[in-house]
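Everything on this sheet refers to the single structure shown next.
4 protein chains.
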Amino acid sequence: MATDLQSEQSALTADQATSPSTGTSTNRSTGERYQRIRAMSVNIAAPLTPEDCAMQTMPDVSPTRWHLAHTTWFFETFLLKEQPGFRPFHSDFERLFNSYYNSVGEPFPRHRRGQLSRPGLEETLQYRQHVDVAVSQLIDQGELNEHQRYVLELGLHHEQQHQELMLTDIKHVLASNPLYPIYTKNTATNNNTEASLSTTLQWSETPETIVEIGHNGKGFAYDNESPRHRELIQPHAIADRCVTNGEYLEFINAGGYQQPEHWLSLGWTAVNENGWKAPQYWVRGDEDWRQFTLSGLRPLDLHEPVCHVSYFEADAYARWSGKRLPTEFEWEHAATANPTGSVFADRLMESGHVIHPRTAGASDFTGNVWEWTGSQYLPYPGYRPVSGALGEYNGKFMCNQFVLRGGSCATSSDHIRLSYRNFFPPDARWQFSGFRLADSR
Amino acid sequence: MATDLQSEQSALTADQATSPSTGTSTNRSTGERYQRIRAMSVNIAAPLTPEDCAMQTMPDVSPTRWHLAHTTWFFETFLLKEQPGFRPFHSDFERLFNSYYNSVGEPFPRHRRGQLSRPGLEETLQYRQHVDVAVSQLIDQGELNEHQRYVLELGLHHEQQHQELMLTDIKHVLASNPLYPIYTKNTATNNNTEASLSTTLQWSETPETIVEIGHNGKGFAYDNESPRHRELIQPHAIADRCVTNGEYLEFINAGGYQQPEHWLSLGWTAVNENGWKAPQYWVRGDEDWRQFTLSGLRPLDLHEPVCHVSYFEADAYARWSGKRLPTEFEWEHAATANPTGSVFADRLMESGHVIHPRTAGASDFTGNVWEWTGSQYLPYPGYRPVSGALGEYNGKFMCNQFVLRGGSCATSSDHIRLSYRNFFPPDARWQFSGFRLADSR
Amino acid sequence: MATDLQSEQSALTADQATSPSTGTSTNRSTGERYQRIRAMSVNIAAPLTPEDCAMQTMPDVSPTRWHLAHTTWFFETFLLKEQPGFRPFHSDFERLFNSYYNSVGEPFPRHRRGQLSRPGLEETLQYRQHVDVAVSQLIDQGELNEHQRYVLELGLHHEQQHQELMLTDIKHVLASNPLYPIYTKNTATNNNTEASLSTTLQWSETPETIVEIGHNGKGFAYDNESPRHRELIQPHAIADRCVTNGEYLEFINAGGYQQPEHWLSLGWTAVNENGWKAPQYWVRGDEDWRQFTLSGLRPLDLHEPVCHVSYFEADAYARWSGKRLPTEFEWEHAATANPTGSVFADRLMESGHVIHPRTAGASDFTGNVWEWTGSQYLPYPGYRPVSGALGEYNGKFMCNQFVLRGGSCATSSDHIRLSYRNFFPPDARWQFSGFRLADSR
Amino acid sequence: MATDLQSEQSALTADQATSPSTGTSTNRSTGERYQRIRAMSVNIAAPLTPEDCAMQTMPDVSPTRWHLAHTTWFFETFLLKEQPGFRPFHSDFERLFNSYYNSVGEPFPRHRRGQLSRPGLEETLQYRQHVDVAVSQLIDQGELNEHQRYVLELGLHHEQQHQELMLTDIKHVLASNPLYPIYTKNTATNNNTEASLSTTLQWSETPETIVEIGHNGKGFAYDNESPRHRELIQPHAIADRCVTNGEYLEFINAGGYQQPEHWLSLGWTAVNENGWKAPQYWVRGDEDWRQFTLSGLRPLDLHEPVCHVSYFEADAYARWSGKRLPTEFEWEHAATANPTGSVFADRLMESGHVIHPRTAGASDFTGNVWEWTGSQYLPYPGYRPVSGALGEYNGKFMCNQFVLRGGSCATSSDHIRLSYRNFFPPDARWQFSGFRLADSR
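Chains as they are written, first to last, in our numbering: chain C, 1 to 441; chain R, 1001 to 1441; chain D, 2001 to 2441; chain Z, 3001 to 3441.
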């Protein structure tokens, strides 16, 4: 998932793609799924002003309007461009909304995306409609070949990745404004309920064992989840829920951000250069901590999982507490044995709740918050990038990043898998990222 | 005038302010003038989208929306705030739209102005209206004291300075977009007319003489134009018009941008670090040069004065041609003996023309393009900054800048004076800045 | 080993240290070993001028004089300081020559080490002697306790690490000078012999297997080599020798440095920002490539292993050739089955040869050139840092680095082990670093 | 004088050069003067170690050894190179010791001068001797033509400029070392004498007057001192001595470094970015201020002129005290009417005193400390750069610098003139720079 610099790292080998039968009813369901996923992007932008959609508050953030255009560009470039008779919406958009595909031409500089006032929001929505009409026609005609079905599938997952980035980027944009604007007045799922207390932390023990890791080939997956292979796991224990705000606050109050001994060397540099004193979006009030959320400034809920921490902070907390982060293999093994989570972006939006983590609980291996693992992002044994433009950069980001697992409250429920490997540099904090502890035995 | 970092450097000692009699008719004319000048700011923004008004394409550029708010903040802070019963439009705006007055509180970081999506354009226009109503009432009541009349006068000149910055900032914003959006389809005043040829350059000779320099005390002036004092001018000649695009093109074609011997040491560094090959907004086509204007990309007009050049470029051209730039005193002396120009922002807008220089002619000491002088910006002998917040920073920019004189096509005709001292660092190019030559005798 | 920022990451749990019996003969051999290793540092500096010893040509490089002092500081601080009656050579040296032990006090800024002219070379050598006399007395007294024996052992390995850094830093210093000064006129071991041709590359096949990885507890090891544990290795093949200059030249000639598709995203940035066109110290002549060595500029020997390449370059070459780098576990497994190398710093110096790689051959898993692996540097399962100042930063560098294995021609033969884990950021090139290929089966 | 980047800005039009008659006695005196001035450079380096001579502690500082070589390069390049039969000492030195003459070839990067260990100090001294022998022979032959006499003269003034830079650079190098090494144990001229109290400050009044400014053509001068011309001076008063440490301390104690209202905008930025709290080389002790001098750390002498302040600090002090700095014309006019100073580098060295300012007194317009003026460095009316390589960059530094006048305790007595224009950027502090006050009337 990662930033859009990375978000197209993923591809699907053709034989892994779903192979829908070509009957009319399938076309109809494919078309409806396309409409549904595409509509969610527009829904995410709906509460925003044109100016909100134009902001880039740090180089990693892209304007909402850019996300809306770039995801559209993906279908136009890889699916429609070679269709006979298709006319591009605007001849300059191919370069303007290319993220980093060198084979498609030199991309517009990433850090300058927030300096483009045109095309405006309205024209961008027209661009989306122009492409949606053409794609829908193509689907309805029922003559998509295998590669086209693959590109369509890939484009929808790509769109869902960018939906999560839209939400995290919007949060960064609004939080950068001293007026603390509110994205939505909706509340979180667990506010004001008696059940909103995090459970006592339990440890799950695992002896040395050989496990199967990676995608099993059923349904869609990115190529970095393959090949499925065997890994030897060492004896260890893993926590059954994530670290909470309350637990993390103890680390802060114990002076954790002032003590170099808990930190990686690069992490200590990051703490000092950025002036970190708490997770991102925590705001120190006169008497207490508050946190900026998509529904505005709120009191810090001690039972929620700590969120918007970097790998450095997760790792420092773990050292301070005498534990460590799980490897991505330990995580995947543990997740397989646990129930699926329920805090996902699509469901929150449908039920009228704000995109925000729920109280940390034992069923949250997926959803709620991404979980940093102690694994640097590297290829699986036998990994091969696919060929062509779509696979141009597969694996090119496998350096100096750490793997996150499980998705978050900003991920769609049909986008995440247990084998899904997200990755970010260790100082990234603007995603909904938390962590759970593990320990060697 | 300068950037807004500098644009409030100016103040008026109380006794220099106009002292209108307090009859009703005066109130009415003051009120009308206030309305007219304030309306021009809104008119400048009228062709723009909300997104256009939000962009900051380099640190020196402020979003149009910021200019609209900041000029309003000026009246609110220095005129209305202490009025009994006045309620500020929004309690946070005082800090948000402060440019650099430390005594008013810590300003919002200048380079982050383009990261604020709120207040949006609509709310900003409401803010203007809120303040305009209160100021107009104050004027109509006819009870402005001397200090209030001074602040009102200063605020209107301040507004006019920012109107010029709005125009140059908008030009920078639009030029930064590969789509080259058009601000207005209006054409320049001298397009397609037979009279649009620059005149043959003539030299005006002056022997050694002592001249009076600075503002004569009649009407409004900034404090940096005072005190009026005597200067000894050396024997010299000064050109009767500015250097044209055609003449400057010869310098380019002769390899001027590749030859260090014409350049100041800092200038040569600027050429290489920024990759300068021509004035800003010149675009090299396959066969010819074009220039980006507020009415879009157009063929380069060889008879227009060269514009959007830095001091470094003006100085290098002068050295290359065996001449030099005039001092600001030589310029002021020459300007006094010449007719007033006619290419000003207010007149161009009234007559439906684009803001763009006209063919270089002999009557353009004022208007058309600002003229770089060879004088670094320093205080006049006996200069004293005024006291209080408004004068807080008078003179604080008198270091490492060069003086420009005469105003430009983006200046209002009732804003400029022969004694007016504009100033910018020697690498600034986004203003409508050109130059004329001089020579020692 | 790594840079000195990292070089003290290593510690020895007390029970891993050698436990010499305390007889006089043991004291004598310990004393002799101490003298021998300490003397080698001085020998490395012997061909240099005082000015050579003062240079810091990039932040990663430390002046030779600093290395001489810092290794001495180690013994003074951790072994002598608490001895009754010991007087430090100079009260300010504790801070001046601390590399990064926060618990010892705030270190002098690393990047400013080349700005210290005092203490000079002569005084630094006196400092060494002062400490050597005290340490030798301590050894001779035969009353070292267990902790002291551990610190002594650690200090000697620390000294050997810095000896390698001295050699690589000196090479960088001399190569930065347009005069290309010669460190020694000695030649390499394999110059002008018929046997100096690299062998045809052979592949060694391994099926899936579980192997023991890490130090076996016999003799000295750093803590990052522990605990010894089991790893599952996938089916793969590994080359029996390193990639040669000749092979790497094909990559260059095929345009490898101009084609983004072979490079990691961060690697492509490094190529362009640093202007890399070949390995470090390669010099393009009019007709051929030459390389700067410690015996001066010499024709490029196509049969030597390619050296002074970054991880990015090793990885790009591997992708270009359709292969990959081995994991550190694959490497350790293969090395265990192969004969030990013979190209080490101590032996080269003893036999009067220059420190330079020898023709790539099948017996060079250790010595000759360090080998980049595809493994990011992470803790072994169950790794625990030791406590106290010496272990202060164990593991603090386990982030965004890659593991190198096997030692180089600049490593001492009694310093390297098959379990030895060196680590550097992926853009480091000034070490004697090469690589061998592997492939998945 | 300025940094060496600037120090060759100066040239002598041929007719301004001394025109010695060509008799043997003249040759002998020229030869002796050459030997004397050249010897002083070596004497300045005499107390230093080879390592001291190699340091570059900031980009503006050059290693002493570089100064020794560069001044030699000047004679070799501009005087000897075209002599028949002359063999350069080393073919690579032409590029290595070129400061910035583009017409002589691309100079070695300035900021990397401290990364060259070769040629070492000994070889550099041999280089000097090689050139000195050849120059002396040329002088003795008595056949120097006019241009050669001019170059010789220029080379000696160039050498003296670099002697001052050697002293200030050495001070910076030693002060950067926490050991605070002592350059010489010699004391200052006025230590421990009863007469060492600064006099009460007196003001000298001047009405409006026209004065002659610039060099009168007798003896050597740099071209920036010409042409001599008339300037109109406004009514003003000027202080008869410089501001003292004691007076400046009042500014510090009054919070001057914490109050933005006294500072130029760029100055306030410099204060905060550099963490300035006092003049350079002032060291805050537990109970009092000390200052680092070339004879080590000493108590601050309140009666000495404040030294090592930037233009920004001089200007801020002046504003704080309700005064201003004199213009360079006011200074030159006042200096003409006052006795010559006596605190110069050559005399201090001859009499065995340290290079350090003496108690501020009324006869110090020349010597003691350079005095910042309020004038930015611009060409005099009618200034023309000379042609050819030596004049290549005349005037290229006339931008964003301020003029200093009068020389310092590090200037040779036969190098300074009342018309001498030194110049530095407003944030430079490592020269012996102080200031006196003026006021408008």
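Ideal Cβ positions, reconstructed from N, Cα and C, are used throughout, including at glycine.
Proximity of residue i and residue j at Cβ, strictly below 7 Å
i, j, result
"C307(C)", "V369(C)", "yes"
"H229(C)", "P381(C)", "yes"
"F3086(Z)", "I3213(Z)", "no"
"R1436(R)", "C1242(R)", "yes"
"G31(C)", "I139(C)", "yes"
"S198(C)", "A360(C)", "yes"
Burial state of residue i (16 or more Cβ within 10 Å)
i, result
"R1284(R)", "exposed"
"S3099(Z)", "buried"
"T3209(Z)", "exposed"
"T2200(D)", "exposed"
"C1153(R)", "Rather than Cys, the amino acid found at residue 1153(R) in this sequence is Glu. Buried, because 16 or more other Cβ atoms sit within 10 Å of the Cβ of E1153(R)."
"D3004(Z)", "Because the pLDDT at D3004(Z) is just 43, under 50, the model does not fix this residue reliably, and the point stays unresolved."
"F1432(R)", "buried"
"A1254(R)", "exposed"
"T71(C)", "buried"
Close beta carbons around residue i, own chain, < 7 Å, minus the five adjacent residues each side
i, result
"M55(C)", "P63, G114, V173"
"S3021(Z)", "Note that S3021(Z) scores a pLDDT of 42, beneath 50, so its modelled location is shaky and nothing firm can be said."
Residues near residue i in its chain [Cβ-Cβ closer than 6 Å; skip 5 each side]
i, result
"F251(C)", "Y317, W320"
"E350(C)", "none"
"S1440(R)", "H1236"
"T1366(R)", "T1340, G1341, G1406, G1407, I1416"
"E2205(D)", "A2237"
"P1260(R)", "W1268"
From the options, residue whose alpha carbon lies closest to that of residue i
i, options, result
"Y1226(R)", "R1429(R), A1438(R), Q1431(R), P1379(R)", "The residue asked about is misnamed: residue 1226(R) is Ser in this sequence, not Tyr. For the residues R1429(R), A1438(R), Q1431(R), P1379(R), the minimum Cα distance to S1226(R) belongs to P1379(R)."
"P2047(D)", "G2374(D), P2181(D), A2069(D), S2029(D)", "P2181(D)"
"T2184(D)", "F2220(D), L2156(D), F2292(D)", "F2292(D)"
"W1289(R)", "R1436(R), N1245(R), L1264(R)", "N1245(R)"
"P59(C)", "T77(C), F108(C), R112(C)", "R112(C)"
"F2078(D)", "P2107(D), R2149(D), D2140(D), D2052(D)", "R2149(D)"
"L294(C)", "A175(C), L266(C), R324(C)", "A175(C)"
"L2264(D)", "D2315(D), D2169(D), A2362(D)", "D2315(D)"
Nonlocal neighbours in the same chain, by C-beta distance under 8 Å from residue i, ignoring five residues either side
i, result
"A278(C)", "I252, Y257, R284, W289"
Continuous alpha helix (DSSP H) assignments of at least 4 residues falling wholly in the segment 2117-2143 of chain D: Inside the segment 2117-2143 of chain D, DSSP marks whole alpha helix (DSSP H) runs of 4 or more residues at positions 2121-2141, from first to last along the chain.
In chain order, which beta strand (DSSP E) runs of at least 3 residues are fully inside the segment 1206-1268 of chain R? Correct list: 1209-1213, 1229-1233, 1236-1239.
Whole runs of the alpha helix (DSSP H) within the segment 1038-1080 of chain R, excluding any shorter than 4 residues: If you keep only unbroken alpha helix (DSSP H) runs of at least 4 residues inside the segment 1038-1080 of chain R, you get 1064-1075.
Residue ranges of each beta strand (DSSP E) within the segment 3318-3390 of chain Z, 3 or longer: Contiguous beta strand (DSSP E) elements confined to the segment 3318-3390 of chain Z occur at 3370-3376, taking only those with 3 or more residues.
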